[in-house]
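Colleague:
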Amino acid sequence: MVGKSNRTKEEKAGIVMEVLSNTATIAEICRRHNIASSALYAWRDAFISGGTAALEPGKSSRNIQSQKEIVNLKNIIGELTIANEA
């Protein structure tokens, strides 16, 4: 149980889902997968944090608005470049 984990994010997510399903204790899951409980708690906390961040309202709409603003600014730069060359 020592050293850095070579598990994929999918494997980690699957193990975290075992924890969240409450079908076994943390100790049992750690023994079954040969991992330290501290690593499992860190994976669980990161998984939950990432999940809640994905549920924040307006995050994708802010990204869309930013993309529109970038396109608009590029158009303005293009128009100013043409005007300066004339």
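Using my numbering, the first residue of the sequence shown is number 338, and each one after it goes up by one. Just so you know, even glycine gets a beta-carbon here, dropped at the ideal spot from N, CA and C.
1. Do the CB positions of residue 352 and residue 380 come within less than 8 Å of each other?
2. Look up residue 389 in the DSSP assignment and say whether it is helix, strand or coil.
3. Please classify residue 349 as buried or exposed, where buried requires at least 16 other C-beta atoms within 10 Å of its C-beta.
Modeller: Well, looking at it:
1. By one-based count along the sequence shown, residue 352 stands at place 15. By one-based count along the sequence shown, residue 380 stands at place 43. The answer is yes: Cβ separation under 8 Å.
2. Taking the sequence shown and counting its residues from 1, the one referred to as residue 389 is at position 52. The three-state reading of DSSP puts residue 389 in helix, counting H, G and I together.
3. Position 12 of the sequence shown, counting from 1, holds the residue named residue 349. Result: buried.
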